[in-house]
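Each residue of the sequence shown is one higher than the last, beginning at -17 in this note's numbering. Glycine is no exception: its CB is placed at the ideal position from the N, C-alpha and C atoms. Computed from a prediction, not measured in an experiment: that's the story for all the values here. First up is the structure itself, then whatever we jot down about it.
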Amino acid sequence: MKRVHFIAIGGAAMHNLAIAMSKKPWYKVSGSDDEIFEPSRSHLEKNGLLPEKMGWFPEKIDESLSAVILGMHARTDNPELLKARELGLKIYSFPEYLYEQTRSKTRVVVGGSHGKTTTTAMILFVLNKLGLNPDYMVGAQIDGFENMVKLSMEANIAVFEGDEYLSSPLDNRPKFHVYHPHIAVLTGIAWDHINVFPTFEKYVEQFAKFTELIEPQGRLIYYSQDEHLQKIARTLRSDLVTFAYKTPHYKIEGDVTFLKTAKGDIPLKVFGEHNLQNIEAARLVCHQLGVSNEKFYEIIRNFSGASNRLQKIAETLYCVAYKDFAHSPSKLRATIKAVRTQYPDRKLVAAMELHTYSSLTEDFLPQYNDCMKEADVAFVYYNPEVVAHKRLKEFNTQTVKRAFGGNVQVFTSSEQMQKALAKIHYDNTVLLLMSSGNFDGINLEEFSAELLGIK
-17 MKRVHFIAIG GAAMHNLAIA MSKKPWYKVS GSDDEIFEPS RSHLEKNGLL
33 PEKMGWFPEK IDESLSAVIL GMHARTDNPE LLKARELGLK IYSFPEYLYE
83 QTRSKTRVVV GGSHGKTTTT AMILFVLNKL GLNPDYMVGA QIDGFENMVK
133 LSMEANIAVF EGDEYLSSPL DNRPKFHVYH PHIAVLTGIA WDHINVFPTF
183 EKYVEQFAKF TELIEPQGRL IYYSQDEHLQ KIARTLRSDL VTFAYKTPHY
233 KIEGDVTFLK TAKGDIPLKV FGEHNLQNIE AARLVCHQLG VSNEKFYEII
283 RNFSGASNRL QKIAETLYCV AYKDFAHSPS KLRATIKAVR TQYPDRKLVA
333 AMELHTYSSL TEDFLPQYND CMKEADVAFV YYNPEVVAHK RLKEFNTQTV
383 KRAFGGNVQV FTSSEQMQKA LAKIHYDNTV LLLMSSGNFD GINLEEFSAE
433 LLGIK
């Protein structure tokens, strides 16, 4: 029996990895954390992995452990980490352990500043429908998948979402540098994580480095309309095989987007040019894994999206509401453009929350210029207390308004924004709520239903 201990087990990725490892034969999993929030808490409790007490307990660390997995939430002076280092135990970051568990498998890694969660989800959706059942790690819940991480003895394929954020407090490598893919995807590059990559040039370097870490004779699938990826593609190793993709041909009839293929028009359950690009990237990956185009299109037509990615949360005959994880400038632009294109004759009411470190950094705010110009009503919310908590420079609503430009209204009170949204008449309207948080505690499904008059 191998014993594995998770330091900071409550993280979104960490708790899913812990659950995945607990399902493997011959593994016994334990973990600690100083605070665990929902949904991690319920998931861990359901699987018998919720620590009995919150806090750090060095006595949990002894020489019987075969591995310690260190989460980003932990500090370098964490008592359990110090004990593990003192005993000379093997300490892995989250991505290191994923790589260790899949060394003998064909690894697919989807990277890029946007679209990687959805593209990964599309690949998994198709492969699972075909009975290939790969191992995986994806950053959102997907219908039909119980967990966000799966590691098995049987799978010979592993599909990972390749995040460019740092691996652990002890490992400053971006996560996707650790996986060494056989098949790599890059969806596009738009500056993010300003706290780690203070210049855009430094950020772009991480993607160039990623391509250098592809396995020998590997494949790179990349979005050909991205100028930064074009430059990277010109400097690749000669042994790599490349596949460039662009937005496939499509048409919109009513509220449905159809993908135009050699075998006819395919109705889709998702929409937006960014999602069509994601489909094309997923198709190329699946083709490299032996899936025919015919089989791919037959299955992808039933893909309804990943959780929080243009997810429909309320609808009547006259109006519809979506929520989306969009928070960075590139994601915001793509999401608003998708909704505007899909519903050209409807009023578009868009509200977004500045929630991440980058989005709450004053020097980064100009990146949002004209992001919401296609919305008829545009609201931006941020909480000054969060800015203070992150120890960032304070700014005011006028700074945000100037940065976004156009008709944007800025709120620092979630309650005031909700009141402003409640005053709007929603006939023939699309409501779009965008955040990597929840606007300080709003249940978006219930709130949208209330705004749209659904009892």
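**Asked** In terms of alpha-carbon separation, which member of ILE406, LYS228, LYS233 and PRO163 lies closest to ARG201?
**Response** For the purposes of this step, residue 201 is identified with residue 219 of the sequence shown, where counting begins at 1. Here the closest residue by C-alpha is PRO163.
**Request:** Measure the C-alpha to C-alpha separation of GLU128 and ILE18 and round it to an integer number of angstroms.
**Result:** Walking along the sequence shown from the start, residue 128 turns up at place 146. Walking along the sequence shown from the start, residue 18 turns up at place 36. Rounded to whole angstroms, GLU128 to ILE18 spans 20 Å at the Cα level.
**Asked** What is the rounded straight-line gap between the Cα of LYS242 and the Cα of ALA316?
**Response** Counted from its first residue, the sequence shown places residue 242 at position 260. Counted from its first residue, the sequence shown places residue 316 at position 334. Computed Cα separation, rounded: 21 Å.
**Asked** Any idea which residues DSSP pairs GLY13 with across the strands?
**Response** Numbered from its first residue, the sequence shown carries residue 13 at position 31. DSSP lists PHE(-12) as partners of GLY13.
**Message:** Suppose you measure from the CA of HIS96 to the CA of LEU148; what does that come to, to the nearest Å?
**Reply:** The residue given as residue 96 occupies position 114 in the sequence shown. The residue given as residue 148 occupies position 166 in the sequence shown. Answer to the nearest angstrom: the Cα atoms are 17 Å apart.
**Prompt:** Quick one: is ILE(-9) near chain C, going by C-beta distance under 9 Å?
**Reply:** Of the protein chains in the structure, only one exists, and it is not chain C.
**Request:** Confirm, please, whether the CB-CB distance from LYS87 to THR169 is below 9 Å.
**Result:** Sequence index remark: in the sequence shown, residue 169 carries index 187 (1-based). Sequence index remark: in the sequence shown, residue 87 carries index 105 (1-based). Against a cut-off of 9 Å, the Cβ pair of LYS87 and THR169 comes out as no contact.
**Item:** Proximity of THR2 and VAL131 at Cβ, strictly below 9 Å
**Value:** Indexing the sequence shown from 1 puts residue 2 at position 20. Indexing the sequence shown from 1 puts residue 131 at position 149. According to the sequence displayed, residue 2 carries Ala and not Thr. Result yes, Cβ atoms of ALA2 and VAL131 sit closer than 9 Å.
**Message:** For ASN257, report the span of its alpha helix (DSSP H) as first-last.
**Reply:** For this step, residue 257 is matched to residue 275 along the sequence shown. Start and end: 255 to 270.
**Request:** Given a cut-off of 9 Å, decide if SER14 and PHE(-12) are closer than it, judged by their beta-carbon atoms.
**Result:** Position 6 of the sequence shown, counted from the start, is the residue given in the question as residue -12. Position 32 of the sequence shown, counted from the start, is the residue given in the question as residue 14. Contact: yes.
**Prompt:** If you draw a straight line from the alpha carbon of GLU194 to that of TYR161, how long is it in whole angstroms?
**Reply:** Position 212 of the sequence shown holds residue 194. Position 179 of the sequence shown holds residue 161. Taking the straight line joining both Cα atoms gives about 12 Å.
**Item:** Beta bridge counterpart(s) of TYR204 as assigned by DSSP
**Value:** Residue mapping note: residue 204 aligns to position 222 of the sequence shown, counting from 1. Its beta-bridge partners are LEU168 and ALA226.
**Request:** Check whether the Cβ atoms of PHE253 and THR298 lie closer than 9 Å to each other.
**Result:** The sequence position of residue 253 within the sequence shown is 271, counting from 1. The sequence position of residue 298 within the sequence shown is 316, counting from 1. No, these two residues do not count as a Cβ contact at 9 Å.
**Asked** Taking DSSP as the reference, what is the three-state secondary structure of VAL108?
**Response** What you label residue 108 is simply residue 126 of the sequence shown in a count that begins at 1. In the structure shown, VAL108 sits in a helix (DSSP, three-state: H, G or I).
**Endpoints, the beta strand (DSSP E) within which VAL120 is located** = Position 138 of the sequence shown holds residue 120. Element bounds for VAL120: n/a, residue is neither H nor E.
**Asked** When burial is assigned at 16 or more other CB atoms within 10 Å of the CB, is ILE205 buried or exposed?
**Response** On the sequence shown, residue 205 is found 223 positions in, with the first residue counted as 1. In the sequence as displayed, the identity of residue 205 is Tyr instead of Ile. Buried: at least 16 other Cβ atoms inside 10 Å.
**Request:** Mind checking who GLU297 pairs with in its DSSP beta bridge?
**Result:** In the sequence shown, residue 297 corresponds to position 315, counting from 1. Per DSSP, VAL302.
**Request:** Quickly, what does DSSP pair PRO326 with across the bridge? List them, please.
**Result:** Translated into the one-based positions of the sequence shown, residue 326 becomes position 344. PRO326 is not bridged to any residue.
**Request:** At 3 residues or longer, and completely inside the stretch 361 to 431: list those beta strand (DSSP E) runs for me, N to C.
**Result:** Runs of the beta strand (DSSP E) inside the stretch 361 to 431: 390 to 393 and 411 to 416.
**Message:** Between PHE158 and the ligand SAH, is there a pair consisting of the residue's CB and a ligand heavy atom that are separated by less than 8 Å?
**Reply:** No copy of the ligand SAH appears in this structure; indeed no ligand is present at all.
**Prompt:** For LEU69, is the classification buried or exposed, using 16 other Cβ atoms within 10 angstroms of its Cβ as the cut-off for buried?
**Reply:** Position 87 of the sequence shown, counted from the first residue, corresponds to residue 69. Exposed, because fewer than 16 other Cβ atoms sit within 10 Å of the Cβ of LEU69.
**Prompt:** Does the distance from the C-beta atom of MET334 to that of LEU314 stay below 9 Å?
**Reply:** Position 352 of the sequence shown holds residue 334. Position 332 of the sequence shown holds residue 314. Yes, they are a contact pair.
**Item:** Straight-line Cα distance separating PHE393 from LEU112
**Value:** Start at 1 with the first residue of the sequence shown, and residue 112 comes out as number 130. Start at 1 with the first residue of the sequence shown, and residue 393 comes out as number 411. Distance between the alpha carbons of LEU112 and PHE393: 48 Å.
**Buried versus exposed call for TYR118 [16 or more other C-beta atoms within 10 Å across all chains shown]** = Position 136 of the sequence shown, counted from the start, is the residue given in the question as residue 118. Counting Cβ neighbours within 10 Å, TYR118 comes out buried, since at least 16 surround it.
**Message:** Residues in the same chain with beta-carbon distance under 6 Å from GLU262, minus the five sequence neighbours each way, listed in chain order, please.
**Reply:** In the sequence shown, residue 262 corresponds to position 280, counting from 1. Cβ neighbours of GLU262 beyond the five flanking positions: TYR227 and PRO230.
**Request:** Whole angstroms is fine: what's the gap from PRO61's alpha carbon to GLY419's?
**Result:** In the sequence shown, counting from the first residue as 1, residue 61 sits at position 79. In the sequence shown, counting from the first residue as 1, residue 419 sits at position 437. Going by the C-alpha atoms only, they are around 30 Å apart.
**Prompt:** Taking the C-alpha atoms as reference points, what is the distance between ALA308 and GLN293?
**Reply:** As a working note, residue 308 is residue 326 in the sequence shown. As a working note, residue 293 is residue 311 in the sequence shown. Rounded to whole angstroms, ALA308 to GLN293 spans 11 Å at the Cα level.
**Asked** With DSSP run on the structure shown, which of helix, strand or coil describes ASP153?
**Response** As a working mapping, residue 153 is identified with position 171 in the sequence shown. Three-state DSSP puts ASP153 in a strand.
**Request:** Classify GLU356 as helix, strand or coil using the three-state DSSP reduction.
**Result:** The sequence position of residue 356 within the sequence shown is 374, counting from 1. For GLU356, the secondary structure class from DSSP, reduced to helix, strand or coil, is coil.
**Request:** Have a look at GLN391 and ARG373 and give me their C-alpha separation to the nearest angstrom.
**Result:** In the sequence shown, residue 391 corresponds to position 409, counting from 1. In the sequence shown, residue 373 corresponds to position 391, counting from 1. When rounded, the distance between both Cα atoms is 25 Å.
**Message:** Can you look up TYR79 in the DSSP assignment and give me helix, strand or coil?
**Reply:** Here residue 79 is taken as the residue at index 97 of the sequence shown, counted from 1. Correct three-state label for TYR79: helix.
**Message:** Check this for me: beta carbons of SER340 and ILE176, under 9 Å apart or not?
**Reply:** By 1-based counting over the sequence shown, the position of residue 340 is 358. By 1-based counting over the sequence shown, the position of residue 176 is 194. A contact, by the Cβ cut-off of 9 Å.
**Prompt:** Three or more beta-carbon pairs under 8 Å between the stretch 381 to 389 and the stretch 342 to 357, yes or no?
**Reply:** yes
**Message:** Could you tell me the alpha carbon to alpha carbon distance between SER430 and ALA332, rounded to whole angstroms?
**Reply:** In the sequence shown, residue 430 corresponds to position 448, counting from 1. In the sequence shown, residue 332 corresponds to position 350, counting from 1. Going by the C-alpha atoms only, they are around 12 Å apart.
**Request:** Report the rounded CA-to-CA distance for TRP8 versus ILE51, giving the unit in angstroms.
**Result:** Residue numbering aside, residue 8 sits at position 26 when the sequence shown is read from its first letter. Residue numbering aside, residue 51 sits at position 69 when the sequence shown is read from its first letter. The alpha-carbon of TRP8 is positioned some 17 Å away from that of ILE51.
**Message:** Can you tell me where the alpha helix (DSSP H) holding SER4 begins and where it ends?
**Reply:** Start at 1 with the first residue of the sequence shown, and residue 4 comes out as number 22. Taken as a continuous stretch (DSSP letters only), the alpha helix (DSSP H) holding SER4 covers -6 to 4.
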